[in-house]
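Everything in the sequence shown is counted per this note's numbering, starting at 397 for the first residue and increasing by one. Ideal Cβ positions, reconstructed from N, Cα and C, are used throughout, including at glycine. The structure appears below as structure tokens.
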Amino acid sequence: MKKIEVTVVAPDASKVEEVLRSMELPYSVSPSKVGDQECVSYSILVPDQLSDKVVDEVSKRMDMRIKSNTITVYHVEAVISTCIDRLKEKAVKSNGPPSPLERLVEVTERYTHLNRDVTLMAIFATIVALAGLFLDNVVMLIGAMLLSPLLGPINAFAVHASLGKIKKLVKIEILILALLFTVIVISTLSTYMASMFFPLPITGQILSRSHASLIDIVIGLTLGLAGGLALFAALPEILIGVAVAVALVPPAVVTGIGLALMNLEIFLGALLLTLVYLLGLQLGSTLLLRVKGVSPRKYYKKAEAKRHSAYSIIILSILLLILIWLVITTNL
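Right, here's the structure in full:
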């Protein structure tokens, strides 16, 4: 359930009210003032299934470039109303649900900046994955991946690439690289300190992630598409998250192992595999959201967003082609 609060300049209030009446939504209305501007405020209760459509229709009747015009969406724990129940049933039966833009932005917003909790989860995942690699234990590796926070930033990258938000896109890419750098550094330091006390075996799990192949590129793209679909369709993220993390975190940890043991072959091979998976995941998820039509609501932002999204896809594709060439040359 959502509560939507709309503040609109008085001359446009009738247009907003027309939408609310046509959709048979329960709402309250009151006069308001923003600065010196006379406005009208609406408070609307909306089922989750209709919230995107309501925001979309209302925003079309408002000029969002006007400072006084605002739309605020709140989550409501519970509402007792037969009217809301009927609206919910009607929405469930209707076909062609709109693009869940607000939900996409909401679930990825926390991954647009580096924070302590995300960093700590990356460190915990690295330590457990490191133990799993040296013990040649797949179960421990999967357990470590359950701790990994890497799916969130990759999804955030895809969403903001589709919306054409370049500044946030750069911040998210820095966050992703910072998390991977943290994984590599923790892996390097832990491996180096452990090697001072006992010999460390080069297990099959380590060797399998010390080189990249063309199949890995296909896997990265496929997982990116799957992650993007899970985000768009609001599927449970846990299984997709494990698949994505298993693809990305272990080679980053192996990169640190190769660096600590001064094994250039393992270091370069694992680093190449990490970059292949990273670009494949980002490109796949961005393409999926582009195909699904995720874009800004306002017409005057759509063209710019599509152009920036196309630039992102082209850049990722070029970088991936360079990595494909490196993979082919290293396997000759």
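Exercise. If you count every other CB in all the chains shown that lies within 10 Å of the CB of V534, and 16 or more means buried, which is it?
Worked result: exposed
For this session: Please list, in chain order, all residues of the same chain as V472 whose beta carbon is under 8 Å from its beta carbon, the five residues on each side excluded.
Result: Sequence-distant partners of V472 (beyond 5 residues in either direction) whose C-beta falls short of 8 Å from its own C-beta, in its chain, are M397, K398, K399, L441.
Exercise. Quick one: is the Cβ of L655 within less than 6 Å of any heavy atom of the ligand FMN?
Worked result: Questions concerning the ligand FMN fall outside what the structure shown contains, since it holds no ligand whatsoever.
For this session: Select from L559, A643, E505, V450 the residue whose C-alpha is nearest the C-alpha of L483.
Result: V450
For this session: Return the residue from the list Q445, M536, V405, D432 that minimises the CA-CA distance to Y438.
Result: V405
Problem set entry | Delimiting residues of the beta strand (DSSP E) encompassing L441 | 433-442
Problem set entry | Own chain partners of D444 with C-beta closer than 7 Å, once the 5 adjacent residues on each side are dropped | M397, K398
Problem set entry | L529 versus Q678 - alpha carbon distance | One C-alpha to the other measures close to 25 Å.
Exercise. Do you know how far the Cα of F663 is from the Cα of T651?
Worked result: Between T651 and F663, the C-alpha separation is close to 5 Å.
Problem set entry | Residue from T682, L575, V649 whose Cα sits closest to the Cα of T618 | T682
Exercise. Which whole runs of the beta strand (DSSP E) in the stretch 609-636 are 3 residues long or more, in chain order?
Worked result: none
Exercise. Do F520 and L543 come within 7 Å of each other at the CB atom, strictly closer than that value?
Worked result: yes
Exercise. CA-CA distance, T587 and P646?
Worked result: 14 Å
Exercise. Would M658 be called buried (16 or more neighbouring beta carbons within 10 Å of its own) or exposed?
Worked result: exposed
Exercise. So what does P427 bridge to, in DSSP terms?
Worked result: V436
For this session: Return helix, strand or coil for K463, following the three-state DSSP convention.
Result: coil
For this session: Enumerate in chain order the residues of its own chain whose CB-to-CB distance from L675 is below 8 Å, with the five nearest sequence positions on each side excluded.
Result: Within the same chain, L675 has close Cβ partners G616, L712, L715, L716, L719.
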